[in-house]
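Peer 1:
There are 2 protein chains.
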Amino acid sequence: MGMKELFTVVPDGSVTSPKGFRAGGLHCGLKKTTRFDLGAIVCDVPAAAAGVYTLNAFQAAPLKVTQESVAVEGKLQAMLVNSGNANACTGKQGEDDARTMRAELAKGLGLAEHLVGVTSTGVIGELLPMGKVSAGIEQLPGQLKADGGDDFCQAILTTDLVKKMICVRVNIGGETIHIAGAAKGSGMIHPNMATMLGFLTTDADIDSADLQKLLNESTDSTFNMITVDGDTSTNDMVIAMASGLGGGGKLNPQHPDWPAFAAGFRHVGEYLAKMIARDGEGATKLIEVNVVGADSEAAARAIAKTVIGSSLVKSACFGADANWGRIIAAVGRAGQPVNTETVDIRLGDISVLEQSRPVKFDEERAAEYLKGELVEIYVNLNMGNGRATAWGCDLTYEYVRINAAYRT
Amino acid sequence: MGMKELFTVVPDGSVTSPKGFRAGGLHCGLKKTTRFDLGAIVCDVPAAAAGVYTLNAFQAAPLKVTQESVAVEGKLQAMLVNSGNANACTGKQGEDDARTMRAELAKGLGLAEHLVGVTSTGVIGELLPMGKVSAGIEQLPGQLKADGGDDFCQAILTTDLVKKMICVRVNIGGETIHIAGAAKGSGMIHPNMATMLGFLTTDADIDSADLQKLLNESTDSTFNMITVDGDTSTNDMVIAMASGLGGGGKLNPQHPDWPAFAAGFRHVGEYLAKMIARDGEGATKLIEVNVVGADSEAAARAIAKTVIGSSLVKSACFGADANWGRIIAAVGRAGQPVNTETVDIRLGDISVLEQSRPVKFDEERAAEYLKGELVEIYVNLNMGNGRATAWGCDLTYEYVRINAAYRT
Chain A
92 MGMKELFTVV PDGSVTSPKG FRAGGLHCGL KKTTRFDLGA IVCDVPAAAA GVYTLNAFQA
152 APLKVTQESV AVEGKLQAML VNSGNANACT GKQGEDDART MRAELAKGLG LAEHLVGVTS
212 TGVIGELLPM GKVSAGIEQL PGQLKADGGD DFCQAILTTD LVKKMICVRV NIGGETIHIA
272 GAAKGSGMIH PNMATMLGFL TTDADIDSAD LQKLLNESTD STFNMITVDG DTSTNDMVIA
332 MASGLGGGGK LNPQHPDWPA FAAGFRHVGE YLAKMIARDG EGATKLIEVN VVGADSEAAA
392 RAIAKTVIGS SLVKSACFGA DANWGRIIAA VGRAGQPVNT ETVDIRLGDI SVLEQSRPVK
452 FDEERAAEYL KGELVEIYVN LNMGNGRATA WGCDLTYEYV RINAAYRT
Chain B
92 MGMKELFTVV PDGSVTSPKG FRAGGLHCGL KKTTRFDLGA IVCDVPAAAA GVYTLNAFQA
152 APLKVTQESV AVEGKLQAML VNSGNANACT GKQGEDDART MRAELAKGLG LAEHLVGVTS
212 TGVIGELLPM GKVSAGIEQL PGQLKADGGD DFCQAILTTD LVKKMICVRV NIGGETIHIA
272 GAAKGSGMIH PNMATMLGFL TTDADIDSAD LQKLLNESTD STFNMITVDG DTSTNDMVIA
332 MASGLGGGGK LNPQHPDWPA FAAGFRHVGE YLAKMIARDG EGATKLIEVN VVGADSEAAA
392 RAIAKTVIGS SLVKSACFGA DANWGRIIAA VGRAGQPVNT ETVDIRLGDI SVLEQSRPVK
452 FDEERAAEYL KGELVEIYVN LNMGNGRATA WGCDLTYEYV RINAAYRT
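Order-wise, the sequence lines are chains A and B.
Per the working numbering, the first sequence starts with residue 92, numbered consecutively.
Per the working numbering, the second sequence starts with residue 92, numbered consecutively.
The following block contains the structure:
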């Protein structure tokens, strides 16, 4: 590929690795345990900002407030986040609360309100206990640190088991530029944003319009290609902030190093998306579905998403059962052009279907493969050049346990 | 309503209750236990026939053969079914096998081949052991009985726990006419036909064109409104056969008793559809989603299907958790017109959301309600007159267990 050579992963990198960013987290009392439930990322200067938001009609209050902030001048200097309560379907009071949170952090940091964004994740339909939240926001500026990326990551988790963060560096105009990200899952995860929050930071000098375009493109092939359970949340968003403090000159699609920046940016998104899928509620493994040879890229995406979203495929992967019939059934119901005579299917390197004909394969070796931490499913439609990759996880007893009593 | 008065349920009725039908089943060796795995419904005369078939691109071989049969003169005199093997994705050999099955039963019954239909359910991608199947078909005519509806019902089951059959009677032109049905689920169940086989019989005298129209209409609001796991199978079909032996004169939409016939026909479909949903793999309860006040009937259907298909809603019902946030999140992601300020949600008679505002409700009473065998979810969008009902079941540990190792 050569893509990997365009950027380098920074060991132990986080959202504060790019120049100009601090972050932090604390426990304000939204979670029943003492885990962090309030956090922020703050930039030394107004950062060029871009965002993508859930397509769910019931968009949560904080998303509206964040979009209002970004709309003013395309910049954000701070992102505030709470976990444990989504502030969704909370009506006028919910919007007032989101605005209050924005105003309080802006005041604490000495910023204009429109430079602050707000986001929330957790239970839908309950009002925020604003006493606790406001007390937390008051303390938050004192918790911000240049190495606070880890604390921030903890503050955004709900049912996630592991923190999700990454930083890569790229060479832009002779300078080292960083692109970093943090994200949370891990239920209500589905294409067109999951219950998923993503925070990308970079010290590149880029206008918000170019950043928005890049975010849209990379989201389509990363965050929008994962599913845990097919449910699109009310609160999903990915926010990107660019401080411009890394040097290397103004970055835009005409810059000779743009491909490196775009590759690094996409890698951060893909890494976080895969982490979210792997850490899906109850998951024991990551499933990657590669569709090639489709009629179009759109068809490939739809088919990949349908296969990765199939409860039957997900259950079979959990049970290490090489039941490829469920894969082809999912391909067939995706509503896309399919030549029913030309489909190949592989599980890892084990061919199970060629030209739509079952292949005799070693069931034991297939079961052994499916027991692994990563299951790669390849579907070749042998029709055209459309290709896409989607990520998800297996469906387990633990998923049911978690979701049978999420609130209790 | 008044609809119920148009027809009467026949106690212990089955597909052989309408005049002219016999049925039966036997064990030929496709299932590992001694459970029946081969069955047939046979009519004394060529019956007017209608069918609806899966929309999955990988339609199984027997469905093609059945459609060919019906295409000849719109009639069927026998339907052959096997369980334990779907004969899907089996290529040319699979089609040859389905044709052989048809030819063998036709010969055994002394019928023209085009009066015989074939259908299969079970594992995808394995060739039928035709030795066993042929030996079974040879014995099948001797097993057909006027009270063989129960045996037939057993022969079509796979992971189903209970037999699904019903018969209603209606008064047509002064004569008693019967409409009966048998069906099987219970995984890979989703709108636009489930892994689901339905067999409807009637002794009404009706042309196949009118029967087809009625079957299409009633399927849209019955079999196509259920989901267990969102997976549309390769083998789904519903076949209706009308012997015409019940008297009462030629039945068509202009007949004064047509509304009674249509109501009875729809009731048979709805009853079987609900039975399939209730008996979904691992299910502990039936969930009914009623959407009213939608922008259109199409919007209501899409929203009802999205709610009933949500893994999170299904898990919450299993856990008796009144987590209505998941319901509204599903409403919001259905891709249909929604006024986010006017939505009401009830669980049974417990109001949890009014005009999109959370209502304080008795959590204990709600949990008690959700623990029941039937959970009714009402969503009123307060926008228009579109309404629809969808049925499904809860998502349980048992669903995962069954599907983690279906083939083993």
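Here a beta-carbon is modelled for each residue, glycine too, at the ideal position from N, C-alpha and C.
Residues in the same chain with beta-carbon distance under 6 Å from B:M284, minus the five sequence neighbours each way, listed in chain order, please.
Peer 2: Stepping through the second sequence from its first residue, residue 284 of chain B is reached at position 193. For B:M284, the predicted model reports a pLDDT of 35, less than 50, meaning its position is unreliable and no value from the coordinates is stated.
Peer 1: Taking its Cβ as the centre, do 16 or more other Cβ atoms sit within 10 Å of B:T124, making it buried, or is it exposed?
Peer 2: Here residue 124 of chain B refers to the residue found at position 33 when the second sequence is read from its first residue. Classification of B:T124: exposed, given that the 10 Å Cβ count is below 16.
Peer 1: DSSP on B:C244, reduced to helix/strand/coil?
Peer 2: What you label residue 244 of chain B is simply residue 153 of the second sequence in a count that begins at 1. Helix at B:C244.
Peer 1: Taking B:E464 as the reference, which of B:T212, B:A374, B:Q427, B:G201 has the closest Cα?
Peer 2: In the second sequence, the residue the question calls residue 464 of chain B occupies position 373. Nearest of B:T212, B:A374, B:Q427, B:G201 to B:E464, Cα basis: B:A374.
Peer 1: Hey, which unbroken runs of the beta strand (DSSP E) at 3 residues or more fall wholly within the stretch 424-480 of chain B?
Peer 2: The stretch 424-480 of chain B contains these whole beta strand (DSSP E) runs: 435-438, 441-445, 465-471.
Peer 1: Is any non-hydrogen atom of the ligand GTP found closer than 6 Å to the C-beta of B:L248, if you look at the structure I gave you?
Peer 2: You won't find the ligand GTP in this model; it holds no ligand whatsoever.
Peer 1: Listed in chain order, which residues of the stretch 97-126 of chain B have Cβ atoms closer than 8 Å to some Cβ of chain A?
Peer 2: Within the stretch 97-126 of chain B, no residue has a Cβ that lies closer than 8 Å to any Cβ of chain A.
Peer 1: Beta carbon of A:N262, beta carbon of A:G213: below 7 Å?
Peer 2: If you number the first sequence from 1, residue 262 of chain A lands on position 171. If you number the first sequence from 1, residue 213 of chain A lands on position 122. No.
Peer 1: Looking at chain B, which residues of the stretch 405-425 of chain A have a Cβ within less than 9 Å of any of its Cβ atoms?
Peer 2: Answer set for the stretch 405-425 of chain A: K405, S406, A407, C408, F409, G410, A411, D412, A413, N414, W415, G416, R417, I419, A420, A421, V422, G423, R424, A425.
Peer 1: What does the alpha-carbon distance come out to for the pair B:P428 and A:I468?
Peer 2: Numbered from 1 along the second sequence, position 337 holds the residue referred to as residue 428 of chain B. Numbered from 1 along the first sequence, position 377 holds the residue referred to as residue 468 of chain A. If you take the alpha carbons of B:P428 and A:I468, they lie about 36 Å apart.
Peer 1: With a threshold of 7 Å between beta carbons, is A:A148 in contact with chain B?
Peer 2: Numbered from its first residue, the first sequence carries residue 148 of chain A at position 57. Judged by the 7 Å Cβ criterion, A:A148 is in contact with chain B.
Peer 1: So, does the stretch 195-212 of chain A touch the stretch 96-114 of chain A, judging by three or more C-beta pairs under 8 Å?
Peer 2: In short, these stretches do not touch, since the Cβ pair count stays below three.
Peer 1: Using CA coordinates, which residue listed in B:V434, B:F243, B:L363 is at the minimum distance from B:V450?
Peer 2: What you label residue 450 of chain B is simply residue 359 of the second sequence in a count that begins at 1. Checked all of B:V434, B:F243, B:L363; the closest Cα to B:V450 is B:V434.
Peer 1: Suppose you measure from the CA of A:A353 to the CA of B:R193; what does that come to, to the nearest Å?
Peer 2: Sequence index remark: in the first sequence, residue 353 of chain A carries index 262 (1-based). Sequence index remark: in the second sequence, residue 193 of chain B carries index 102 (1-based). Roughly 59 Å separates the two Cα atoms.
Peer 1: Would A:D342 be called buried (16 or more neighbouring beta carbons within 10 Å of its own) or exposed?
Peer 2: Indexing the first sequence from 1 puts residue 342 of chain A at position 251. At residue 342 of chain A the sequence reads Leu, which differs from the Asp that was named. Answer is buried; the Cβ neighbour count reaches 16.
Peer 1: Just the Cα atoms here: how many angstroms apart are B:V163 and B:A152?
Peer 2: For this step, residue 163 of chain B is matched to residue 72 along the second sequence. For this step, residue 152 of chain B is matched to residue 61 along the second sequence. So the alpha carbons of these two residues sit roughly 18 Å apart.
Peer 1: Using the Cβ count rule (16 or more neighbours within 10 Å means buried), how would you classify A:N523?
Peer 2: Because residue 523 of chain A is not part of the residues shown, which for chain A are 92 to 499, the question remains open.
Peer 1: Along the stretch 432-447 of chain B, what residues have a CB closer than 7 Å to any CB found in chain A?
Peer 2: Within the stretch 432-447 of chain B, the qualifying residues are S447.
Peer 1: With H, G and I counted as helix, E and B as strand and the rest as coil, what does DSSP make of A:L403?
Peer 2: Numbered from its first residue, the first sequence carries residue 403 of chain A at position 312. It is helical.
Peer 1: On the CB-based measure, 16 or more other CB atoms within 10 Å of its CB, does B:A300 come out buried or exposed?
Peer 2: Here the question's residue 300 of chain B lines up with position 209 in the second sequence. Answer is exposed; the Cβ neighbour count stays below 16.
Peer 1: Less than 7 Å between CB atoms is the rule here; does B:T325 satisfy it with respect to chain A?
Peer 2: Position 234 of the second sequence, counted from the start, is the residue given in the question as residue 325 of chain B. Interface residue, yes.
Peer 1: I need the DSSP call for A:D370, collapsed to helix, strand or coil.
Peer 2: As a working mapping, residue 370 of chain A is identified with position 279 in the first sequence. Note: A:D370 maps to coil in three-state DSSP.
Peer 1: Taking Cβ positions only, does B:W482 come closer than 7 Å to chain A?
Peer 2: As a first step, residue 482 of chain B must be located in the second sequence, where it is residue number 391. B:W482 does not count as touching chain A.
Peer 1: So B:A141 and B:L306 are supposed to be a Cβ contact under 8 Å. How far apart are they, rounded?
Peer 2: What you label residue 141 of chain B is simply residue 50 of the second sequence in a count that begins at 1. What you label residue 306 of chain B is simply residue 215 of the second sequence in a count that begins at 1. Yes, they are in contact, since the Cβ atoms of B:A141 and B:L306 sit about 5 Å apart, within 8 Å.
Peer 1: In angstroms, rounded to a whole number, what distance separates the CA positions of B:M256 and A:F290?
Peer 2: As a working note, residue 256 of chain B is residue 165 in the second sequence. As a working note, residue 290 of chain A is residue 199 in the first sequence. Rounded to the nearest angstrom, the two C-alpha atoms are 55 Å apart.
Peer 1: In chain B, which residues lie with their C-beta within 8 Å of the C-beta of A:A139?
Peer 2: Here residue 139 of chain A corresponds to residue number 48 of the first sequence, with the count starting at 1. Per Cβ cutoff of 8 Å: no residues; A:A139 is ~30 Å from chain B at best.
Peer 1: With a threshold of 7 Å between beta-carbons, can A:P232 be considered close to chain B, or not?
Peer 2: The sequence position of residue 232 of chain A within the first sequence is 141, counting from 1. It does not: the Cβ of A:P232 has no partner Cβ on chain B nearer than 7 Å.
Peer 1: Measure from the C-beta of B:A151 to each C-beta in chain A and report whether the shortest distance is under 7 Å.
Peer 2: Walking along the second sequence from the start, residue 151 of chain B turns up at place 60. Not one chain A Cβ lies under 7 Å of B:A151.
Peer 1: Mind checking if B:P282 is an interface residue toward chain A, Cβ cutoff 7 Å exclusive?
Peer 2: Position 191 of the second sequence, counted from the start, is the residue given in the question as residue 282 of chain B. Confidence at B:P282 is low in this model, with a pLDDT of 34, below 50, so the placement of that residue is unreliable and no value is reported for it.
Peer 1: Using a Cβ-Cβ cut-off of 6 Å (strictly less than) and excluding sequence neighbours within five positions of A:E489, which residues of its own chain qualify?
Peer 2: Your numbering for residue 489 of chain A matches position 398 in the first sequence. Excluding sequence neighbours, A:E489 sits near G373.
Peer 1: Determine, using beta carbons only, whether A:M92 comes closer than 7 Å to chain B.
Peer 2: The residue you call residue 92 of chain A lines up with position 1 of the first sequence. Confidence in A:M92 is poor, its pLDDT being 40 and thus under 50, which makes the residue's placement unreliable; the coordinate value appears in the next sentence. No, no contact with chain B.
Peer 1: Name, please, each residue of chain B whose Cβ falls closer than 7 Å to the Cβ of A:T487.
Peer 2: Mapped onto the first sequence, residue 487 of chain A falls at position 396. Within chain B, the residues near A:T487 are V491.
Peer 1: Can you grab the Cα-Cα spacing for the pair B:I270 / B:L288, in whole Å?
Peer 2: Along the second sequence, one-based indexing puts residue 270 of chain B at 179. Along the second sequence, one-based indexing puts residue 288 of chain B at 197. About 17 Å.
Peer 1: Among residues of its own chain, excluding the 5 on either side of B:G355, which ones have a beta-carbon nearer than 6 Å to its beta-carbon?
Peer 2: Indexing the second sequence from 1 puts residue 355 of chain B at position 264. The residues are F98, V259, V261, I270.
Peer 1: Is A:L154 helix, strand or coil when you go by DSSP?
Peer 2: Taking the first sequence and counting its residues from 1, the one referred to as residue 154 of chain A is at position 63. It is helical.
Peer 1: Out of B:L117, B:N147, B:E217, B:G116, which one is the CA nearest neighbour of A:L444?
Peer 2: Along the first sequence, read from residue 1 onward, the residue named residue 444 of chain A stands at position 353. The candidate whose alpha carbon is nearest that of A:L444 is B:E217.
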